[in-house]
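Engineer:
2 protein chains.
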Amino acid sequence: MTEREDVHNSDVPVLCRSCEARHKGICGALSEDELLQLSKHTVKRTAARKQELIHEEDEVHSYSNIMAGAVKLTKLMPDGRQQIVGLQFAPDFLGRPFQSESNFGAEVAADVKLCSFPKDVLESMLGANPELENRLLRQVLKELDEARQWMLVLGRMTAKEKVASFLSLIANHIDPEHEGDSVTFELPLSRAEIADYLGLTIETVSRQFTALRKDGVIEIEGNRHIVVPDRETLKDATGST
Amino acid sequence: MTEREDVHNSDVPVLCRSCEARHKGICGALSEDELLQLSKHTVKRTAARKQELIHEEDEVHSYSNIMAGAVKLTKLMPDGRQQIVGLQFAPDFLGRPFQSESNFGAEVAADVKLCSFPKDVLESMLGANPELENRLLRQVLKELDEARQWMLVLGRMTAKEKVASFLSLIANHIDPEHEGDSVTFELPLSRAEIADYLGLTIETVSRQFTALRKDGVIEIEGNRHIVVPDRETLKDATGST
DNA sequence: CGGTGGATTGATACTGATCAAGAGCAGTGG
DNA sequence: CCACTGCTCTTGATCAGTATCAATCCACCG
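Those sequence lines, one after another, are chains A and B.
Heads up: the first sequence begins at 1 in my numbering, then just goes up one per residue.
Heads up: the second sequence begins at 1 in my numbering, then just goes up one per residue.
1. For B/M248, tell me which candidate among B/Y63, B/E179, B/R81 and B/F166 has the shortest Cα-Cα distance.
2. Taking only beta-carbon positions, decide if B/M125 is within less than 7 angstroms of chain A.
3. What number of angstroms, rounded off, separates the C-alpha of B/D120 from the C-alpha of B/H61?
4. May I have a chain-ordered list of the alpha helix (DSSP H) segments no shorter than 4 residues that lie completely inside the segment 144-188 of chain B?
5. If I follow the unbroken beta strand (DSSP E) through A/M77, where does it start and stop?
6. Using a Cβ-Cβ cut-off of less than 9 angstroms, list which residues of the segment 181-203 of chain A approach chain B; keep chain order.
7. Distance, Cα to Cα, B/A128 vs B/K44?
8. Taking a contact to mean a Cβ-Cβ separation below 7 angstroms, would you say A/P144 touches B/V140 in this structure?
9. Taking the continuous alpha helix (DSSP H) assigned at A/C16, which residues delimit it?
10. Give the interface partners of B/Q208 over in chain A, defined as CB-CB distance under 9 angstroms, in chain order.
11. Going by DSSP, what residues sit across from B/E57 in a beta bridge?
12. For A/S18 and B/E123, what's the separation of their Cα atoms in angstroms?
13. On a Cα-Cα basis, can you pick out the residue from A/E20, A/S31 and A/C115 that is closest to A/V12?
14. Going by the CB atoms, is the gap between B/S100 and B/E59 shorter than 7 angstroms?
15. Hey, is B/G95's beta-carbon within less than 7 angstroms of any beta-carbon in chain A?
16. Could you pull the start and end residues of the alpha helix (DSSP H) that B/S124 belongs to?
17. List, in order along the chain, the chain A residues whose C-beta lies closer than 8 angstroms to that of B/T172?
18. Is it buried or exposed for A/F98, if we count other Cβ within 10 angstroms and need 16 for buried?
19. Rounded to whole angstroms, what's the CA-CA distance from A/S102 to A/L53? Just pull it up for me.
20. Could you have a look at B/R45 and say whether DSSP puts it in helix, strand or coil?
21. Taking B/L154 and B/G80 to be in contact with their CB atoms under 8 angstroms, please state how far apart those CB atoms are, rounded to whole angstroms.
22. Going residue by residue through the segment 192-234 of chain A, where are the continuous beta strand (DSSP E) segments of at least 3 residues, counting only ones entirely within it?
23. Name the two residues that bound the continuous alpha helix (DSSP H) containing B/A39.
24. Which term fits B/Q149, buried or exposed, when burial requires 16 or more other beta carbons within 10 angstroms of its beta carbon?
25. Between B/E5 and chain A, is the shortest Cβ-Cβ distance under 7 angstroms, so that the two count as touching?
26. Beta carbon of A/M125: closer than 6 angstroms to some heavy atom of the ligand SAM?
27. Beta-carbon separation of B/E161 and B/G69 under 7 angstroms?
28. Determine whether the Cβ of B/L15 lies closer than 7 angstroms to any Cβ atom of chain A.
29. Taking beta-carbon pairs under 8 angstroms, can you tell me which members of the segment 69-82 of chain A lie near chain B?
30. Would B/I174 pass as a contact of B/V183 if the rule is Cβ separation under 7 angstroms?
31. Under 7 angstroms, Cβ to Cβ, is there at least one residue of chain A near B/N65?
32. What is the C-beta distance between A/L152 and A/A106, in whole angstroms, given that I count them as a contact (C-beta under 8 angstroms)?
33. For the candidate residues B/F93, B/F104 and B/S190, whose alpha-carbon lies nearest to that of B/R49?
34. Whose C-alpha, out of A/R156, A/L137, A/N134 and A/D181, is nearest the C-alpha of A/D230?
35. Quick one: grab the DSSP three-state call for A/G239.
36. In whole angstroms, what separates the C-alpha of A/S206 from that of A/M77?
Here's what the structure looks like:
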């Protein structure tokens, strides 16, 4: 159940064969039989920017794998203040096991492809397949690490350091290798969303973008296109290690 | 492996019999055999306030169960800024599975009793006992929920709301039942630690304590002793739901 | 009795929020 | 084809909340 060769295996459901996330995501832990069983209840779908996937405090009856795109997890205060508490990309797992009511909302940030299936189907597999649970555990641990890193950002960094941290996060996500070189990317979030992620206002985010540009840390083309000539310089601007 | 009766069972290791955390913590998933095996490598110890349990970025070779007391998880910036990224109580599990180097430091906040065992012993049990992994997964999910809730506190709340949130957190921990009534407790953290938890300075924390006292939300006796006459009022002061 | 560590309180400074105006750009319809 | 509209982003001026700096208090201890 740990290693297998199924690249040419016709037992793999059609639905799954083209899935780039299959080996990296939690599905990598599933046997052909399990994949087949899961795929019977699976719906592939796309969702566009701004579409709400989960409403905070609503009951959720399905989980999803993110196959492409980006999803933001949000928390809302009664008076409208909002905080983004997580950003997920392919091949992340979306959902909160062992709890029907969601603690946060989920909204599409950059157009996504999702692979959704009912909660109970996955949960019964969870009991039967320890490796699946292991993969889930590892993903949740990763998210916990990220959340705690972000607590440092939110609690102790200046506005400029926060924005640099955000850019650094995206840069590392785009290209996890060679941390030193230059990178270019499209921001998956609007200024307003970045502000909600960093606990700032739109105006402050905008000002810090221009400040970083004037410092030569980044170049900005259009609104979303960012060039980081030297990632080491960017990292220095975060004030963190 | 899901239900068992071992209250009077003499096969339960002596070390574990007196442990109040045994059924609630991850050990609740272990059979007598496993408990025995684990207990052979286990060291019970106490540690006093301010003692460092894990140094950030150091290698860790053991896990612990917290049997009593409180532990704070901290992150440090190169220039000395600090953020507390988690607070753990009995019967929490302390440690980061599947990773030898710690992402954060751990320091005793209120004198603790710990039950420590080598990483590899637990990890081999993890592979063999799915229920153990399940318990761990649930604990990590709980911590992730808490971390995200705290991201909202850090990112979007005012100083007064932050302090009220902290007091609310402690109050709920002391007495998870009847959320409406009054509670009295000793703070497990100093003002400086509370400041590090809330992303504030000592002075601001102190001012907000007096502000909440003047508002009649809390009463303060000595430095650490807090009385909350009405938890609903305190909750209102957090600005959150 | 002086010393030490933690907490409070006050005066002032500064970072980021708020309020306000305008620029850039895409889409729409006359 | 171009004015109009709506949206996002930027920039400027001012305000407010929290940090910083400094003094004092308090409890405890040697």
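Backbone N, C-alpha and C fix where the C-beta goes; we use that ideal spot for every residue, glycine too.
As the structure is a prediction and not an experimental result, all values here were calculated from the model.
Structural biologist: If we stick to the structure as given:
1. Nothing in the structure corresponds to residue 248 of chain B, since chain B is present only between 1 and 241.
2. If you number the second sequence from 1, residue 125 of chain B lands on position 125. No, no contact with chain A.
3. What you label residue 120 of chain B is simply residue 120 of the second sequence in a count that begins at 1. What you label residue 61 of chain B is simply residue 61 of the second sequence in a count that begins at 1. Cα to Cα, the separation comes out at about 8 angstroms.
4. 159-174
5. Taking the first residue of the first sequence as 1, we reach residue 77 of chain A at position 77. Neither: A/M77 is in no beta strand (DSSP E) and is coded neither H nor E.
6. Within the segment 181-203 of chain A, contact with chain B at the beta-carbon level (separation under 9 angstroms) is assigned to D196, Y197, L198, G199 and L200.
7. Taking the second sequence and counting its residues from 1, one reaches residue 128 of chain B at position 128. Taking the second sequence and counting its residues from 1, one reaches residue 44 of chain B at position 44. Spanning the two alpha carbons is a distance of roughly 24 angstroms.
8. As a first step, residue 144 of chain A is located in the first sequence; it is residue number 144 there, counting from the start. As a first step, residue 140 of chain B is located in the second sequence; it is residue number 140 there, counting from the start. Going by the sequence as given, residue 144 of chain A is Leu instead of Pro. Cβ distance < 7 angstroms, so A/L144 and B/V140 count as in contact.
9. Taking the first residue of the first sequence as position 1, residue 16 of chain A is located at position 16. From DSSP, the alpha helix (DSSP H) with A/C16 extends over V14 to R17.
10. As a working mapping, residue 208 of chain B is identified with position 208 in the second sequence. Within chain A, no residue comes near B/Q208; the closest Cβ sits about 16 angstroms away, beyond 9 angstroms.
11. Locating residue 57 of chain B in the second sequence gives position 57, counting from the first residue. DSSP lists no partner for B/E57.
12. Mapped onto the first sequence, residue 18 of chain A falls at position 18. Mapped onto the second sequence, residue 123 of chain B falls at position 123. Each residue's Cα considered, the two are about 34 angstroms apart.
13. Locating residue 12 of chain A in the first sequence gives position 12, where the first residue counts as 1. The candidate whose alpha carbon is nearest that of A/V12 is A/S31.
14. Locating residue 59 of chain B in the second sequence gives position 59, counting from the first residue. Locating residue 100 of chain B in the second sequence gives position 100, counting from the first residue. Result yes, Cβ atoms of B/E59 and B/S100 sit closer than 7 angstroms.
15. What you label residue 95 of chain B is simply residue 95 of the second sequence in a count that begins at 1. So, not an interface residue.
16. Here residue 124 of chain B refers to the residue found at position 124 when the second sequence is read from its first residue. Start and end: K119 to A128.
17. By 1-based counting over the second sequence, the position of residue 172 of chain B is 172. For the sequence presented, residue 172 of chain B should be read as Asn rather than Thr. None at all; the shortest Cβ gap to chain A is about 15 angstroms.
18. Along the first sequence, read from residue 1 onward, the residue named residue 98 of chain A stands at position 98. Exposed, because fewer than 16 other Cβ atoms sit within 10 Å of the Cβ of A/F98.
19. Walking along the first sequence from the start, residue 102 of chain A turns up at place 102. Walking along the first sequence from the start, residue 53 of chain A turns up at place 53. Approximately 11 angstroms between the Cα atoms of the pair.
20. One-based indexing of the second sequence puts residue 45 of chain B at position 45. Here B/R45 sits in strand by DSSP.
21. Locating residue 154 of chain B in the second sequence gives position 154, where the first residue counts as 1. Locating residue 80 of chain B in the second sequence gives position 80, where the first residue counts as 1. Going by Cβ atoms, the distance from B/L154 to B/G80 rounds to 19 angstroms, so no, they are not a contact pair.
22. Taken in chain order, the complete beta strand (DSSP E) segments of 3 residues or longer contained in the segment 192-234 of chain A are 219-221 and 225-228.
23. Translated into the one-based positions of the second sequence, residue 39 of chain B becomes position 39. Contrary to the premise, residue 39 of chain B reads as Ser rather than Ala in this sequence. Counting along the chain, the alpha helix (DSSP H) containing B/S39 begins and ends at E32 to K40.
24. Here residue 149 of chain B is taken as the residue at index 149 of the second sequence, counted from 1. Looking at its Cβ environment, which holds 16 or more other Cβ atoms inside 10 Å, B/Q149 is buried.
25. By 1-based counting over the second sequence, the position of residue 5 of chain B is 5. Its pLDDT being 48, under 50, B/E5 is placed unreliably in this model, and the value from its coordinates should be taken loosely. Closer than 7 angstroms: no.
26. The ligand SAM is absent from the structure shown, which contains no ligands of any kind.
27. As a working mapping, residue 161 of chain B is identified with position 161 in the second sequence. As a working mapping, residue 69 of chain B is identified with position 69 in the second sequence. Not closer than 7 angstroms, so no.
28. In the second sequence, residue 15 of chain B corresponds to position 15, counting from 1. Chain A places no beta carbon closer than 7 angstroms to that of B/L15, leaving this residue out of the contacts.
29. Correct list: L73, K75, M77, P78, D79, R81 and Q82.
30. The residue labelled residue 174 of chain B in the question sits at position 174 within the second sequence. The residue labelled residue 183 of chain B in the question sits at position 183 within the second sequence. Closer than 7 angstroms, so yes.
31. Locating residue 65 of chain B in the second sequence gives position 65, where the first residue counts as 1. Answer no: the Cβ-Cβ gap between B/N65 and chain A never drops below 7 angstroms.
32. Taking the first sequence and counting its residues from 1, one reaches residue 152 of chain A at position 152. Taking the first sequence and counting its residues from 1, one reaches residue 106 of chain A at position 106. A/L152 to A/A106, Cβ: 24 angstroms. No contact.
33. Numbered from 1 along the second sequence, position 49 holds the residue referred to as residue 49 of chain B. Comparing C-alpha distances from B/R49 to each of B/F93, B/F104 and B/S190 shows the shortest one belongs to B/S190.
34. Here residue 230 of chain A refers to the residue found at position 230 of the first sequence. The shortest C-alpha separation from A/D230 is found at A/D181.
35. For the purposes of this step, residue 239 of chain A is taken as the residue at position 239 of the first sequence. In the structure shown, A/G239 sits in coil (DSSP, three-state: anything other than H, G, I, E or B).
36. By one-based count along the first sequence, residue 206 of chain A stands at place 206. By one-based count along the first sequence, residue 77 of chain A stands at place 77. Taking the straight line joining both Cα atoms gives about 24 angstroms.
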